[in-house]
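Numbering (our numbering), first residue to last: 360 to 782.
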């Protein structure tokens, strides 16, 4: 997301505020809420994002309060909204904040774990009606939450910290599904698949083919053994989109509410020092536009193939999976349930084998986009008109020029083939 700083006095300039005034947001009473961890600015094609400073007074004691907020709303450009299907993604994220988060919080209040999951953004207001769509969250960058440096891939310690968050997040579903199945079943249907479904095939298939061609070029140039190119071509053939659609379908009993876009930029970390060596004091997981009900391995595989260093993938892979599993098991236990009965390690290993290729498919997109230079990044703010623009015209990417960039894709393919995730 490209954020634009705004002061409260000029909030009326936002497109969404033509229909939904700030007064209607303030009527929810969030100025009286205690300040907690929330969300920060990010990068997105799907919405327009503003950073805003709001001043107010407490209704209890007239004490002056200042809130630093992130406000996400629909892009002004109709072409941009249609091109990136902003309405669908927005509706899914609003459902997560309005339905899923309250259900998880209520469940934890009943179970009273010693270490509750608090890594959600603090969302003050969320609405999706197709016209006034808006999400108002705390801007935790003012509390020194930052994205993790991922230029060379995350090392083991960095991966473990973020994988532990995913494990605890997924544990909520495992535990709640067992303890309060009725309440869980009410929360799940609010989410829907936004990316891989038959209805979106025409929207994405040509772009997926472009990403596939880039990956094949990278593997051909960087890996001498022909088997890797052959396996990639088989995986990324004309049925690749349909295969990805199968991966995202939930299969019981181990499906969980997943983040969907679980890569490093969506994990904000606060440390005791300004560098990566400082002790972790807080983590906030943001951006739930792709949230879905699916195998937990979809989040794990996307994260590792998009963010992990070569050393983690090839030398510490089993260790990082065990670290994730331990965090999940420990939190299910903390929630008062028999963790290893509900999700045995052998079943977790089966899930890994069945679903890890999903992360490879996602990395075909995430890796090329993550290494774009600033001058190559599409200027979505300049999109105009009323009609949808093909994604291939927005992301008109060429083969990766740098050896380092090509190796990131090639090593993902090598890892997937060597571990028999793709056959």
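All C-beta atoms in this analysis are idealised placements derived from N, C-alpha and C, irrespective of residue type, glycine included.
Burial state of residue i (16 or more Cβ within 10 Å)
i	result
residue 771	buried
residue 487	buried
residue 625	buried
residue 547	buried
residue 468	exposed
residue 389	Low confidence applies to residue 389: its pLDDT is 46, below 50, so where it sits in the model is not reliable, and the reading given next is rough at best. Buried: at least 16 other Cβ atoms inside 10 Å.
residue 732	exposed
residue 526	buried
Under the three-state DSSP convention, the category residue i falls into
i	result
residue 426	strand
residue 614	coil
residue 667	strand
residue 476	coil
residue 645	coil
residue 651	strand
residue 762	helix
residue 513	strand
residue 539	coil
residue 579	helix
residue 639	strand
residue 505	strand
Residue range of the unbroken beta strand (DSSP E) whose run includes residue i
i	result
residue 485	482–486
residue 497	493–497
residue 550	First-last for residue 550: undefined, no H or E at that position.
residue 626	626–630
Contact under 7 angstroms by Cβ, residue i with residue j
i	j	result
residue 617	residue 714	no
residue 628	residue 507	yes
residue 647	residue 455	yes
residue 696	residue 534	yes
residue 331	residue 418	Only positions 360 to 782 of the chain appear in this structure, which leaves residue 331 out of reach.
residue 691	residue 679	no
residue 537	residue 644	no
residue 595	residue 769	no
residue 718	residue 660	yes
residue 742	residue 406	no
residue 750	residue 566	yes
The alpha helix (DSSP H) enclosing residue i, as first and last residue numbers
i	result
residue 440	437–442
residue 415	First-last for residue 415: 407–416, but that is the beta strand (DSSP E), not the alpha helix (DSSP H).
residue 705	704–714
residue 748	Premise fails: residue 748 is in no alpha helix (DSSP H) and is neither H nor E.
Contact with chain C by residue i, beta-carbon distance below 7 angstroms
i	result
residue 477	No chain C appears in this structure, which consists of one protein chain only.
Nonlocal neighbours in the same chain, by C-beta distance under 7 angstroms from residue i, ignoring five residues either side
i	result
residue 519	679, 682
Same chain, Cβ closer than 6 angstroms to residue i, neighbours up to 5 away in sequence not counted
i	result
residue 515	671, 675
residue 753	737
residue 422	none
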